[in-house]
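Engineer:
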Amino acid sequence: MVNNRLEVSRDIKLARMYWGPGPLPEAAKLIGVVTRPNREAGALIKMGTGIGTR
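Okay, so the sequence shown: first residue is 96 according to my numbering, each after it adds one.
Structure follows, in C-alpha cells:
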C-alpha cells in the first residue's frame, strides 16, 4: 500500500530554516512545514490568494 498523504507540522523555526534567509512574499505568512511521502520537505506558507510551498 502506498501512502500518498502529506504530513504537516506547525514548527515555525524549522519552516524558517527550509525557507531560507530571504523575505517571504508580500502579505505571506509562514505557517509550518509540509513533508511528502518520499520525505522531501519544505516551508508551508499562506499567500493572500491561497497556499504555496517552497
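Backbone N, C-alpha and C fix where the C-beta goes; we use that ideal spot for every residue, glycine too.
Here's a check: name, in chain order, each residue in its chain whose Cβ is nearer than 6 Å to the Cβ of E102, leaving out the five neighbours to either side.
Structural biologist: Cβ within range, chain order: T130.
Engineer: Apply the 10 Å Cβ neighbour rule to A122 and answer buried if 16 or more other Cβ atoms are within range, or exposed otherwise.
Structural biologist: A122 should be labelled exposed.
Engineer: Quick check on DSSP: helix, strand or coil for L139?
Structural biologist: Residue state, collapsed to three classes: strand.
Engineer: Helix, strand or coil for L125 per DSSP?
Structural biologist: DSSP places L125 in strand when its eight states are reduced to three.
Engineer: Compute the Euclidean distance between the alpha carbons of A110 and L125, then round it to the nearest angstrom.
Structural biologist: If I take the Cα positions, the gap works out to 7 Å.
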